[in-house]
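Only one structure is covered here, and it is reproduced in the block below.
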Amino acid sequence: MSVGFARVCAVDELVERVDDQDRVLGMVVSRRQAIQEGWLHRVAVTVCRDDRGRVLVHRRSEQVSRFPGLYEVEVGGAANVGESYEQAAARELAEELGIRALPRLLFTFINRSGLSPHWLGVHEAVVPDAVVPNPDEVAWHGWLTEPELRSALLEWRFTPDSHEAFSRYLAFRTARS
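Throughout the sequence shown, residue numbering follows numbering that gives the first Met the number 0, covering 0 to 176 in sequence.
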């Protein structure tokens with residue numbers, strides 16, 4: 000998928016550069032610069048499930064700076080300076096869905112399918128099915144079964160992270176069962 004859908008970020012975030020072993024290098028940079036330079040930094044995402052096992056899918060608002068209008072399987076964003084993956088994931092759940100939850104970190108990997116390479120911490124959380132998404136971040140949301148989601152991934156325009164993270168998430172779950 001082309002990454003040409005991204006827009007320039009209006010409000011830039013500060014992130015920490017990390018190395019290829021996910022160790023903090025002690026360098027604080029803007030996320031914009033990290034993306035432009037291809038510097039590794041941390042991003043935390045959460046796959047949200049309800050108590051029936053369905054997965055929350057959402058369409059990004061047209062106002063967001065990265066991948067406006069595309070669908071996403073996970074909720075998340077960059078880890079701020081000094082934040083752990085878990086802290087960043089919990090903050091993003093509150094900002095985007097208006098819920099307080101403690102997502103569980105499942106695994107991390109270097110994701111090269113987005114705007115630039117970054118470490119992606121993939122979490123899982125069981126959340127209430129009555130979420131109240133932030134309209135500045137989320138234009139639409141719905142709960143899909145895994146078969147429905149597999150079909151949607153083939154038919155709808157998803158962010159690059161969604162494809163990579165969800166396929167790894169499914170492989171992780173299969174390996175643990």
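Glycine included, each C-beta is placed from N, C-alpha and C at the ideal position.
**Asked** Do the CB positions of residue 54 and residue 72 come within less than 8 Å of each other?
**Response** In the sequence shown, counting from the first residue as 1, residue 54 sits at position 55. In the sequence shown, counting from the first residue as 1, residue 72 sits at position 73. Yes, the pair counts as a contact, with Cβ atoms nearer than the cut-off.
**As assigned by DSSP and simplified to three states, the class of residue 129** = Against the sequence shown, residue 129 aligns to sequence position 130. When secondary structure is reduced to three states using DSSP, residue 129 falls in the coil class, being assigned neither helix nor strand.
**Asked** Between which two residues does the alpha helix (DSSP H) carrying residue 177 extend?
**Response** Absent from the model: residue 177. The displayed extent of the chain is 0 to 176, so no value can be given.
**Message:** Please classify residue 118 as buried or exposed, where buried requires at least 16 neighbouring CB atoms within 10 angstroms.
**Reply:** As a first step, residue 118 is located in the sequence shown; it is residue number 119 there, counting from the start. The Cβ neighbour count for residue 118, taken over all protein chains shown within 10 Å, is at least 16; the residue is labelled buried.
**Message:** Taking only three categories from DSSP, how would you classify residue 122?
**Reply:** Numbered from 1 along the sequence shown, position 123 holds the residue referred to as residue 122. If DSSP states are grouped into helix, strand and coil, residue 122 belongs with the strands.
**Request:** Classify residue 45 as helix, strand or coil using the three-state DSSP reduction.
**Result:** Translated into positions along the sequence shown, residue 45 becomes position 46. Residue state, collapsed to three classes: strand.
**Request:** Please report the Cβ distance between residue 88 and residue 75, rounded to the nearest whole angstrom; I am assuming they are in contact, meaning their Cβ atoms lie under 8 Å.
**Result:** Walking along the sequence shown from the start, residue 88 turns up at place 89. Walking along the sequence shown from the start, residue 75 turns up at place 76. 6 Å between Cβ atoms; contact.
**Request:** Give every residue of the same chain whose Cβ lies closer than 6 Å to the Cβ of residue 132, excluding the five residues on either side of it in the sequence, and list them in chain order.
**Result:** Taking the first residue of the sequence shown as position 1, residue 132 is located at position 133. Same-chain partners within the cutoff: 96, 140.
**Separation of residue 107 from residue 5, as counted between CA atoms** = Here residue 5 corresponds to residue number 6 of the sequence shown, with the count starting at 1. Here residue 107 corresponds to residue number 108 of the sequence shown, with the count starting at 1. Residue confidence is low: residue 5 scores 36 on pLDDT, short of 50, so the model does not pin down where it sits. Its coordinate-derived value is still stated next. Take the alpha-carbon of residue 5 and the one of residue 107: they are about 24 Å apart.
**Request:** Out of 52, 136, 171, 25, state which residue places its alpha-carbon closest to the alpha-carbon of residue 120.
**Result:** For the purposes of this step, residue 120 is identified with residue 121 of the sequence shown, where counting begins at 1. Here the closest residue by C-alpha is 171.
**Request:** Compare the beta carbon distance of residue 115 and residue 174 with 8 Å and say whether it is the shorter of the two.
**Result:** The count along the sequence shown starts at 1 and reaches residue 115 at position 116. The count along the sequence shown starts at 1 and reaches residue 174 at position 175. Not closer than 8 Å, so no.
**Request:** Please go through the same chain and pick out, in chain order, the residues whose beta-carbon is closer than 8 Å to the beta-carbon of residue 29, but skip the five residues on each side of it.
**Result:** Sequence index remark: in the sequence shown, residue 29 carries index 30 (1-based). The answer, listed in chain order, is 11, 12, 13, 14.
**Prompt:** Would you report the Cα separation of residue 9 and residue 64, rounded to the nearest angstrom?
**Reply:** As a working note, residue 9 is residue 10 in the sequence shown. As a working note, residue 64 is residue 65 in the sequence shown. For residue 9, the pLDDT reaches just 40, beneath the cut-off of 50, and the residue's location in the model is therefore unreliable, leaving the point undetermined.
**Asked** Nearest chain D C-beta to residue 133 closer than 8 Å, yes or no?
**Response** Protein chain content of the structure displayed is limited to a single chain, and chain D is not contained in it.
**Request:** Could you tell me if residue 52 is buried or exposed, where buried requires 16 or more neighbouring beta carbons within 10 angstroms of its beta carbon?
**Result:** Locating residue 52 in the sequence shown gives position 53, counting from the first residue. Exposed, by the Cβ-count rule.
**Message:** Whole angstroms are fine: how far does the CA of residue 48 sit from the CA of residue 91?
**Reply:** As a position in the sequence shown, residue 91 is number 92, starting the count at 1. As a position in the sequence shown, residue 48 is number 49, starting the count at 1. When rounded, the distance between both Cα atoms is 16 Å.
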